[in-house]
Structure formats: C-alpha cells, structure tokens
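Let me begin by presenting the structure, written as structure tokens, before commenting on it.
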Amino acid sequence: MQFDPFIIPFNIGLYFILIYAVVRSVMWFRDLSKQDKLRLQRGFFGRSFGQSLKEIFMESLLHRKIFKTNFRLGYMHMSLAFGWFLLILFGTLEADIFGSSHLNAPYKAIFFKYFNPDHGRAGFEAVWSFVMDFLLAVILSGLIIAIIKRLYSRIVGMKKTTKLRPLDKVALTSLWMIFPSRLIAESFTSGAYGTGSFLTGSLGSWLASFLPAHEMAYPFWWLYSLSLGTFFVLLPLTRYMHIPTELFLIFARNSGITTGDKAGAFTDIQTYSCSSCGICIDACQLNFSTGITNIQSAYLLKGIRNNENVKDIAFNCLMCGRCDQKCPVGIELTPIRMLRRRAGETEHVEKSILKRYFPDKPSFNPVKVSEKPSFDFLPSSRPVKADVVYFAGCMTHLTPSIRNSMIKILDASGVKYKFIDENGGVCCGRPLMLAGQDKEARELINFNSKLILKSGAQTLVTSCPICYKVFRESYYLDIEVLHHTQFIKNLIDEGSLKLNFMRKKVVYHTPCDLGRGSGVYDEPRDVLRYVSRLQKTDFDNENSLCCGGSLGNMKISYKQKQIIAADAAARLTKDNPEILATSCPLCKKTLAAATETKVADIAEIVAEAIMLPNLMKEKSNPMLIVKEPVTI
Amino acid sequence: MDKFGFAISQQRQIDFEANRRDIAEYISEKEPSFRVCIECGCCAATCTTGNFTPFSLRELLILLKRGENDKVRDNINKCMLCGKCTLVCPRGVNTRNVISLAREAFQDRIKNAV
Ligand code: SF4
Ligand code: SF4
Ligand code: SF4
Ligand code: SF4
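Protein chains in written order, with my numbering: chain A, 57 to 688; chain B, 102 to 215.
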C-alpha cells in the first residue's frame, strides 16, 4: 500500500469537487423548465451526444475559437486546459503501466513520482518521462503567459478588474502554485534519485548539487497537494467554476435549449460558463471607439454572478451583438442582457458562503411601468386588403428617400401591394423591448398584428431591420416576413425587376439587427453585386460594425454616438468606395452624418438602377414627382 | 384651440412654491443633455405618438422644467420610445433617456416628489 498523509488535502479537494459538480448539475437540471428537461434528456441519449463530446474536445480543451481570434490567448488557454488534461491522462496511464497495480486511485497517478522515484531511468520509461516533462513545460509556459497578462494589464490599466475578494485571492494563488510546486517537488525527487527527464532531471540535479534534495522534496509534495486541494474546494466560488459549467452548457445547447425570453436555469448556467477570457471586451465598439470599459458582457456576467445591481451595465450597450458572435463559449449575451434590462433595478445582496456554493433559483420580477395600458389612445385599425403589405417603420419615415425608392421599386415591378403605414404608423415595439418594457411593447405588437392580419396579406415587407427582427421573433404572424433587400432579391430572380448595371464601387455595411440579429447576410450582397461593383471590407458579415445610432443604447451621449459612427464609417470607407451602402434607415442616417462618402440604402441604389421602360408606371404616383434629388 | 369663445381662462400663474423641480433635477443630473433643450418642438413635430393623440414631448419637457409634474405623469407613458425625436433634435438631446428617466422617477425613485 502506497500512502502518505500529504495526499489527504488533494483527496478531499478532488472528491469534494466531483460530488459538488454532480449536485450542482442535478440542481440545474431541476430548475430547467419541463420542455427543456425533455430536450436535455433527448439530447443526452441521442445523436447530439457525439456532437457535444466533439465540441467539448475542440472548445473546452483545445479552445479552437480563442485560437482563431487571438493566437497568444488561445495558446494560454490551450496549454493550461489541454496540457493539464494530457498530463492527467498520461499520468494515469503511467501509473497503470509502470505502477505496482492497475486501476489506481487518482492520487497515485498525480503523485506517481513520489511513490516511484526510481522510475524513468532508461528505455521506454525514459521516453515516457520525457513526455511528462514536456507536458509540464507546456503548462508552465501557459501559466507564465497568464501571470504576465494579469500583471501587464494591471500596469497599463487596460482592464478594470474589480478588487479580488480574499477568497478569490486564495483560489488564484493556489492555482498559480499547482504547477510550479509540482515542478519543484518532482525535480527534488528526481535530483535525489538521479532520474527525471530534460526538465525535472536537469533542474533536479542542479538543485541537488547544493541542496539536500531528499529532505527538500517532501514539503513541496505537501505544497503541491495542498494547492490542488485548496483550488478544488474554492473553485465553485471563483470564475473557474466555468470549467465544469461549460461542459453542462455544451450538452444543454446541443440539445436545443436556448435562452428564450425567460430567465431560468439556462441563463444561470451561461452566466457561470464565462471564462473571463476578455474577447468580448476587445470586440466591443464602446471599448475601442469610445473608451467605455466597464460595461462589456464579461462585466455583466460577473456582476450577475456576484449578485450586484447590474442595471447601469445592462442598459449601457448598443445591443449590437458583436460580443455574442465572438464569445468562444457561445454564451447568448444579448438575450441575457435583454432579460436584465427587464429586471431593472435589483438590490445588491452579499451572499453567505453557503449560498454561494448553492445559489437559490434565479428569479426576478419584471418592472411594471404602470398598471394602466399605455396606448389605449390608438384608433381601431382600418382593414386594407392586399397580398403584399409594406410596413416602412418609423425610421424609414424619417428618411423619405428610402421610402420613395421603395415605392418606386414596388410600382416598377408591378406588385400589388398596400402601404400600411403610409400616413405614419405605430412603432413596431422593439425600442420598448430594448428599454426593458415588455408589457408595453406587447400592446403595440397586438395593435400592429391586428392591422397586418386583417389585411389578409401573405407577405409583409419592411425597410427597417429593427422592425424585421421583432416581426420575426416576437409577433405571432403566420405569414412571410421579408426585409426589403430579400424582397428585391426575389423580384430580380423572378425577372419582374429589370436593372441597369452601374459601374460604381460600393462597400456594404451590414446592419446589426439584420445581420447578427436576424442572420440575413447574403441577399443584400447579391442585390448589390447585381447592380454595382461590390467590394470587400475588413468588417463584412458577422464581423460588421455597429453604426452607433443603435436604439439599444440610451445611456451614451450624442457625442459618443458620433464618435462611434465616425470611427465605423472611417473603417468602412478605407478603400475609398463611391458609395457606402447599407440596408437600414437608421444606419443610413447615422453614417451619412459621419462621413464624406455618399451613404445610400440598397433600395435607393436599386431604384436608381431601374431600367426606363419599367418606370412608365411610376408617373401615376404623385408622391414621386417631388422626390428628393437622388445624388448617386 | 378647440373652443373659441369667451370662456374664463385658466390661471396661468406659475406657483414656484407648489411646483416640484425634483424630477427635472433628477433627470438633468443623469442626462445632462436635458438642459440644452431649446424647446424648438422638432421632437413633437415628428412624434409617432403625436400622430394619434395630442401628445407633445416639447410641452412635457417644458412642464417638467417648470415642475408642473401632474400632466407629465399622466402622459409620459404614451411615448413609444421609437426614437424619432432623438434623431431630429437639433440640440442632440437624448430624449429617449429623458423620457425613461422621467418614467423611472414617477415610478419609484423620488417617491415624495409626486
Ligand atoms: S462572455 Fe464570452 S467572450 Fe466574454 S469573457 Fe466571457 S467567455 Fe469570454
Ligand atoms: S452588444 Fe455590442 S455594445 Fe453591447 S457589450 Fe456587446 S459588443 Fe459591446
Ligand atoms: S427637438 Fe430637442 S431641442 Fe427641440 S424641443 Fe425637442 S428635445 Fe428640445
Ligand atoms: S420616442 Fe416617444 S416622444 Fe419620441 S418620437 Fe417616438 S413616440 Fe414620440
């Protein structure tokens, strides 16, 4: 029997964290809604199981997505996670192959060197020792980067990390101690017995040349065991909880569970899955354009975990979704923020240690603005009948050239349509939702739904991505909803819209709510390619920028919005295109004020390109006779 | 303007004793751009809500500044937060935030004020 009292702290920590992970998973499972429970069960015993395992390997161990964004950061995460994983794997195999017995308790693998100091002298054993040393070296290199990163960002004040609480400090110190203490312990033992490979062997023999290696080794084995044990026990209280949580998250997500619009266990799981990698901070325009560095998603999640009042953070965000797109863990950051907006002001509660290990079921009451309905002044809607209805939206009414272009296109293509908010309509409701006022938004949604359904239309066309997103996600319309770029694409494909090719250099700015928000990337580009010379930018598709005018952020000032807009416009027009095209009236308005380049909506460009014979019908429309000069 | 006639006009005196400026102060503290409004009325002219009902943001802003909060409280929830007013405002007043803050204030923040 190989035993020594120094293994006790490690054993306590290990069994504690294993049992804890199971208990916490059961708690999360218990808190899931009924449907989500079913989904998870089906996912766990179904096809998505393999997918989840693959994802765990690629993301939790290799950190492929972090590698893609930032090589150094990726290497740091990979060396720590994958290196540690391999060290455990090879250590276990080592104990199994070379140890005295098979199927050993974990501690025998972790402290193999201590119990088998003679191991690794020659032949296959030496090769194995080399591998183990190599893995340790990889982990240590990652650790050095991690330490430098923390110290460096402190020095330049890049990241405003809130003060670490005493327990966090202990956990962090113990994590940092694990591998150096293993290195020193193994080196001393190797030095005393003349074993070890390139790392522990050389360091060991050097240390043994002036120190009593045999006596020095023992305390370091204690230190190694103690740091492991402490780290494991404190892990649930720190951000390292993301390690076990992410596994659960991957299974849940692959089973088809989404955040939806209710806070619950899944939101909780996502909140704890954040590894604080900081990628969302780098992606955020509020950070790199305006220098606001305390509202990014990493801080939001941290605030939620610590039960702080995160209202100010939750509302100071463009809701552009750039961080969502880049988050390597795949946390649904914007939906979570939306939920927090609805929660409004919350009270900061300092939780007891027990409550931090086993938090209560997450719950908060949405704020109510008033008991009475806010919009009972709206008239009852007059039904209009049509197959296609066009809803311009508030923002399009503020940019009449887009509205007129759309009318021109609709007329030229001969579509039978009705313009349902011709004389000014009711807001689609998304701005209220973004302000966290869901109940009020519902009143508007009901009003518009009735209007649309009464028309008996099969297709709803809108010019505004904000409306488009909310029509698709929060209205229960059983009809086809199209953004005008999609609609124009259809018209071109059917041949009902004949367009001239214009030799203009164009770059395209993808609006947040159309691109990342609704996944419409290709149609606008196809249309633009059809009529102009579309060029690439550094910010295409998923990586597109926010114009800065977002209705999602009420907290930044007009100045700050201008700065974001100017910055975005400058990046987009780097190659001097003739036109900066977009497909959102709000983007158009915001960007046009921030750049010298001509900014135009796709509808305007298309309207300009319509072939003459098609235009004959247009004369019938008096609105177009006094149209804005289109200066393309 | 609805009734043209010789009805006795309402009292127009502003009573600074009775009026409470707490809410206006609360708003300008949190959203300084509230102070630079020149009461031009562009916001009211473009307003989505104003298209359906006699709702004027300009009027509400003036009343807020005067501290005549009753009418503001009754009407401020009619705004749809659509953001047109913010876009047209020549002074760059962050009107949506002003409205939100006013709602918040009437809700719970400054309980004694209203
Ligand atoms: S939210 Fe995602 S991107 Fe941001 S720190 Fe957490 S894991 Fe990284
Ligand atoms: S949604 Fe956009 S503005 Fe908000 S935190 Fe993410 S990147 Fe920043
Ligand atoms: S448009 Fe701006 S400056 Fe004019 S009244 Fe409205 S808020 Fe005031
Ligand atoms: S945000 Fe409110 S006040 Fe401003 S235009 Fe829209 S409805 Fe009118």
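We treat Cβ as the ideally placed atom computed from N, Cα and C, and that holds for glycine.
Rounded to the nearest whole angstrom, the CA to CA distance from Ile-124(B) to Phe-153(B) is 27 Å.
Cys-330(A) and Ala-354(A) do touch by the CB rule: their CB atoms are close to 6 Å apart, below 8 Å. The Cβ neighbour count for Ala-178(A), taken over all protein chains shown within 10 Å, is under 16; the residue is labelled exposed.
Within the segment 151 to 165 of chain B, the residues whose Cβ lies closer than 7 Å to any Cβ of chain A are, in chain order, Asn-152, Phe-153, Thr-154. The beta carbon of Thr-315(A) sits closer than 8 Å to those of Phe-322, Thr-323, Gln-326, Glu-388, Pro-391, Ile-392, Leu-395, all from its chain and outside the five residues before and after it, given in chain order. A distance below 8 Å between beta-carbons, with the five flanking residues on each side excluded, links Arg-197(B) to the following residues of its chain, in chain order: Leu-182, Gly-184, Cys-186, Thr-187. DSSP, read as helix, strand or coil, puts Phe-447(A) in strand.
In the DSSP assignment, Phe-123(A) forms no beta bridge with any residue. Per the Cβ contact rule, the segment 157 to 170 of chain A is not in contact with the segment 105 to 112 of chain A (fewer than 3 Cβ pairs under 8 Å). Each of Asp-477(A), Ala-513(A), Tyr-564(A) was checked against the Cα of Cys-523(A), and the nearest Cα belongs to Asp-477(A). Contact between Lys-644(A) and Thr-638(A) holds: their C-beta atoms lie close to 5 Å from each other, under 8 Å. Collapsing the DSSP output to three states places Thr-390(A) in a helix. With its beta carbon at least 9 Å from every one in chain B, Lys-654(A) lies outside the interface. Per DSSP, the unbroken alpha helix (DSSP H) holding Ile-163(B) starts and ends at 158 to 167. In the three-state reduction of the DSSP assignment, Tyr-531(A) falls in the coil class, being assigned neither a helical nor a strand state.
Secondary structure note for Tyr-564(A): its beta strand (DSSP E) is the uninterrupted segment 561 to 564. The beta carbon of Val-655(A) lies closer than 6 Å to those of Leu-636, Lys-644, Leu-647, Ala-648 in the same chain, with the five residues before and after it left out.
No Cβ-Cβ contact shorter than 9 Å links Val-563(A) with Ile-661(A). When the Cα atoms are used, Leu-145(A) and Gly-139(A) turn out to be separated by approximately 10 Å.
The residues Thr-566, Gly-571, Asn-597, in chain order, have a CB closer than 7 Å to that of Tyr-577(A) in the same chain once the five nearest residues on each side in sequence are set aside.
Here DSSP, grouped into helix, strand and coil, assigns Phe-475(A) to strand.
Within the segment 123 to 135 of chain B, the residues whose Cβ lies closer than 7 Å to some Cβ of chain A are Ser-134, listed in chain order. Counting C-beta pairs with one atom in each stretch, the segment 522 to 537 of chain A and the segment 582 to 590 of chain A have fewer than three that are closer than 8 Å, which means they do not touch.
Looking at the backbone, the Cα of Gly-193(B) and that of Ile-139(B) are separated by about 11 Å. For the segment 579 to 613 of chain A, the residues whose beta carbon sits under 7 Å from a beta carbon of chain B are, in order, Leu-607, Met-610, Lys-611, Ser-613.
Under the DSSP assignment, Arg-121(B) falls outside any alpha helix (DSSP H); it carries neither an H nor an E label. Nearest to Arg-438(A) by C-alpha distance, out of Ile-203(A), Glu-529(A), Gly-470(A), Asn-479(A), is Asn-479(A).
For Leu-507(A), none of the residues of chain B pass the 8 Å Cβ criterion, the least Cβ distance being about 13 Å.
The beta-carbon distance between Val-194(A) and Thr-149(B), rounded to whole angstroms, is 60 Å. This is too long to meet the 8 Å contact definition. Ligand 1 never approaches Lys-205(A) closely enough for any of its heavy atoms to be under 8 Å from the residue's Cβ. Taking Ala-241(A) as reference, the option from Phe-167(A), Leu-207(A), Cys-568(A) with the minimal CA-CA separation is Phe-167(A). Leu-223(A) counts as exposed, since fewer than 16 other C-beta atoms from the protein chains shown sit within 10 angstroms of its C-beta. Check the Cα spacing between Ala-650(A) and each of Glu-664(A), Ala-665(A), Asp-623(A): the tightest is with Asp-623(A).
The DSSP-derived three-state label of Ile-465(A) is helix. At a threshold of 8 Å, Ile-619(A) does not count as near ligand 2, since its beta carbon sits no closer than that to any of the ligand's heavy atoms.
For Asp-657(A), no alpha helix (DSSP H) encloses it; the enclosing beta strand (DSSP E) starts and ends at 654 to 657.
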